[in-house]
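Residue numbers (full-length UniProt numbering): 1 to 653.
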């Protein structure tokens, strides 16, 4: 099956020439010819002559220095869900981080430019999510508090606020990582171009994390990768084709419409492509139409990255063609008062490069719920393989929802670093996996968990003075425990952190209990899972939990994991859906107000207080004290009349 060709190919160098400063033959004011070989020596910033720029006011004739070399511990390429979580995780674990994003906004496919729902594990067979916690939940809660109107342009700035408040992150927007600069088999630096400032950056780092989706940095570093579909025999995948081919799932242009309260005629633009409804599979639903159609999609059996601009032009035509059919076919009178309110100019991508790690995740791993000793993330979206032909293959369904999962599957660390570039990690749709595996793991919240895993791993690599492979071989338990401490959930993997002082407590008790038991706050699980209770819940509010030690301990931090109802999604949706599974509100179960006391020399002393908590993982840090007991005083939630906790941990630096 061949994709329809819409355009004759033009010189592929044209696009590159628009993003990199041009260097070529030039003349100075004295008509001296500047040769290509001498231009860097004579004018190191392209053909900029120091006499060319007359700066009014000062009279100076400066040469702008727009080449910079910057150095960090960790460089993260790509500012989508995976990249943001990777950058925050590395920064919070002590690394100096640069986050490089080639767009003016963060968020990737979830941004206002594309507006895809930030889905995760919300398509299990039981219909309930096992919602992701950790950094991605922090981001979604941040949005619930500061963007109750569910505005996508405001969502962009919610993300900007979240990233820029981290002191260890330097954010560079409108910046493309064009190629890797190598030292042997390692990446020494990334050569980057910031469009808005005409600045060339040479970004040096010890560890690089490619979360860009297409993976240009990793590709130019020589990292092994593959594209297309594997043959079913290679990994024993029942949903893969018998013969390997080059097909990759396509990109989508989304649109939105608005009821204007009066008839709104529509005349299609010249580039609209007629939609042939008679040939379309019944799965291509046209109702509801307000939020557009994810199936206006084009894939490729060749170079899906190189074809992107041609495909974008065609997708715009198809999107307007579908809208024209709705408005003007006479079959949908309910569209009479509707007009287009927004059409994406940036198609959302699903698939291109998949890097090769020490392990390739595949369909049998997921369907068989394989347990990995190096599990660091999880997924659970169905095996959702979009029709590779996209809208050019109307007779087939737009997607093959092959199979749903009973419970989340694990993703191993060995899929998240390069097999042959030792200091390269990756997260997102470019991880080491098959095409069929990608049909599930590509969902953004799953990518975010991978991002937190590799960001944490990068910081630990620097602390342990090892590279990712050695970290996985020698220190995987340390990585897993840090992720669990930072509120990541790993299916079937409870926390076993021996540095947690609560493990040495003599007794844990509560003022009242309606379900669970207070000692379950020390069982290593941060949520109820597989039908088992791992929480304590009070009968009412206020409520108290007390932890006692037989001997005095040194204490400097307390970490509490409260309830945000992981069975209900809080992602932003364009339809503002409110039901038992989706909510547009701050979870009512979340603890709002609490304070902590410690018993010091027989007296209860307040050591921390929060009036407007906004996170599931609540942290109190203070100067080291000597104590024999702590008391957690829970005063208020965001609406629930009872309070539920899952875990309490205590540390001495």
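In this text, a Cβ means the ideal position worked out from N, Cα and C, and glycines have one as well.
Cα-Cα separation, residue i to residue j
i, j, result
"residue 587", "residue 564", "6 Å"
"residue 376", "residue 238", "26 Å"
"residue 403", "residue 573", "24 Å"
"residue 293", "residue 143", "25 Å"
"residue 85", "residue 372", "22 Å"
"residue 119", "residue 451", "15 Å"
"residue 383", "residue 296", "20 Å"
"residue 39", "residue 49", "Its pLDDT being 36, under 50, residue 39 is placed unreliably by the model, and the measurement read from it follows with that caveat. Roughly 11 Å separates the two Cα atoms."
"residue 321", "residue 170", "43 Å"
"residue 661", "residue 146", "Because residue 661 is not part of the residues shown, which for the chain are 1 to 653, the question remains open."
"residue 518", "residue 408", "27 Å"
"residue 97", "residue 305", "28 Å"
"residue 405", "residue 227", "25 Å"
"residue 333", "residue 313", "29 Å"
"residue 589", "residue 611", "15 Å"
"residue 634", "residue 642", "10 Å"
"residue 301", "residue 233", "20 Å"
"residue 223", "residue 591", "45 Å"
Residue i, DSSP secondary structure in three states
i, result
"residue 218", "helix"
"residue 444", "helix"
"residue 226", "strand"
"residue 23", "Because the pLDDT of residue 23 is 35, which lies under 50, any placement of that residue in the model is unreliable, and the number read from its coordinates should be weighed accordingly. Note: residue 23 maps to coil in three-state DSSP."
"residue 102", "coil"
"residue 205", "coil"
"residue 468", "helix"
"residue 386", "strand"
"residue 323", "helix"
"residue 594", "strand"
"residue 28", "Only weak support is given to the placement of residue 28: the predicted model assigns it a pLDDT of 36, under 50, and the question is left unresolved by the model."
"residue 586", "coil"
"residue 7", "Note that residue 7 scores a pLDDT of 40, beneath 50, so its modelled location is shaky; the value from the coordinates is reported in the next line. Coil."
"residue 406", "coil"
"residue 635", "strand"
"residue 107", "coil"
"residue 539", "coil"
"residue 43", "Because the pLDDT of residue 43 is 43, which lies under 50, any placement of that residue in the model is unreliable, and the number read from its coordinates should be weighed accordingly. Coil, per DSSP."
"residue 606", "strand"
"residue 275", "coil"
"residue 37", "Confidence is the limiting factor: at residue 37 the pLDDT is only 46, short of 50, which leaves the residue's position unreliable, though a coordinate-based value still follows. Of the three classes helix, strand and coil, the one that applies to residue 37 here is coil, per DSSP."
"residue 92", "helix"
"residue 53", "coil"
"residue 611", "coil"
"residue 621", "strand"
Nonlocal neighbours in the same chain, by C-beta distance under 8 Å from residue i, ignoring five residues either side
i, result
"residue 503", "497 and 522"
"residue 490", "375, 376, 377, 378, 410, 480, 483 and 484"
"residue 339", "257, 258, 260, 264 and 266"
"residue 568", "129, 131, 580, 581, 582, 583 and 587"
"residue 422", "185, 186, 467, 468 and 469"
"residue 475", "460, 464 and 466"
"residue 213", "78, 80, 108, 349, 352, 428, 429 and 430"
"residue 394", "276, 279, 280, 281 and 284"
Beta-carbon proximity list for residue i, same chain, < 6 Å, skipping 5 on both sides
i, result
"residue 436", "237, 239, 240 and 363"
"residue 162", "139 and 142"
"residue 619", "559"
"residue 624", "554 and 556"
Selected residue, minimal CA-CA separation from residue i, among the options
i, options, result
"residue 562", "581, 571, 225 and 538", "538"
"residue 558", "486, 160 and 265", "486"
"residue 646", "171, 108, 526 and 197", "526"
"residue 149", "135, 406 and 571", "571"
"residue 109", "596, 598, 541 and 448", "448"
"residue 180", "218, 197 and 159", "218"
"residue 197", "102, 273, 337 and 166", "102"
"residue 528", "566, 174 and 347", "566"
"residue 178", "159, 156, 203 and 168", "203"
"residue 424", "274, 609, 621 and 225", "225"
"residue 630", "513, 509 and 615", "509"
Cut-off 7 Å between Cβ atoms - residues of its own chain near residue i, not counting five sequence neighbours on either side
i, result
"residue 229", "240, 241, 244, 245, 247 and 435"
"residue 359", "412, 414, 415 and 432"
"residue 440", "366, 379, 381, 382, 383 and 384"
"residue 269", "320"
"residue 316", "253 and 271"
With a threshold of 8 Å, are at least 3 pairs of Cβ atoms found where one atom belongs to the segment 410-429 and the other to the segment 454-474? Verdict: yes, contact present.
Within the chosen definition, does the segment 176-195 reach the segment 209-228 through at least 3 CB pairs nearer than 8 Å? Output reads yes: the segment 209-228 touches the segment 176-195.
Three or more C-beta pairs below 8 Å linking the segment 166-186 and the segment 390-399: Taking 8 Å as the limit for Cβ pairs, the verdict is that the segment 390-399 does not touch the segment 166-186.
Is the segment 68-77 touching the segment 452-461 in the sense that three or more CB pairs, one from each, lie closer than 8 Å? Output reads yes: the segment 68-77 touches the segment 452-461.
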